[in-house]
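Only one structure is covered here, and it is reproduced in the block below.
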Amino acid sequence: MFGHELLHDGIVPKRLDLPLPEGLERALDVFVGNRVRAAVILTLCEKGSASIKEMMETLGLDRSVVGLHLRNLETLGIVYVTPPRDQKDVRYRYFHLNRTLLHDALSGLTQLNSDTRELPSDPTSGIE
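Read in order, the letters of the sequence shown are residues 1 to 128 in the UniProt record's numbering.
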């Protein structure tokens, strides 16, 4: 579908600014392309909340890997931590899902099936 027509000066663009349905951008950040992130979300769905140690044991992954994905999800607002990170001398922090934002992200994905907007006829429009 997209081939050499996306190349500009022989370089693949770093970013495509194609029009996306509202909410899809967050959904792509949350879900697409990362099984670990999806596993973290599913684990928190099942457990309700979990410490990083519990997540490591459940997923069988290294602390740095689990921590990276928890922080990414926290940055997106999908996960929050208690007690807050600015509170010092805490033995355990527990991670929770922000179910409202998770629902919004899932809605962004399901909107793809029902969105009837037409894509631009020129696939190179919006390329930086």
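Beta carbons: idealized from backbone N, C-alpha and C, even for Gly.
- Scanning its chain for C-beta atoms nearer than 6 Å, with the 5 sequence neighbours on each side dropped, one finds around V36 the residues H69, in chain order.
- With respect to the 7 Å criterion, Y80 and H96 are classified as neighbours on the basis of their beta carbons.
- Using a Cβ distance threshold of 7 Å, P84 and V90 do not count as a contacting pair.
- Put simply, the backbone Cα of V40 is about 10 Å away from that of M56.
- Beta-bridge partners assigned by DSSP to Y80: H96.
- By the criterion of a C-beta distance shorter than 6 Å, L73 is surrounded in its chain by V79, once the five residues flanking it on both sides are discounted.
- Taking the CA atoms as reference points, A105 sits about 27 Å from D62.
- One alpha carbon belongs to T43, the other to T110, and they sit about 21 Å apart.
- C-alpha of V66 to C-alpha of S107: approximately 25 Å in a straight line.
- Only residues of its own chain outside the window of five on either side were considered, and among them T43, L44, T58, Y94 and F95 have a CB closer than 8 Å to the CB of A50, listed in chain order.
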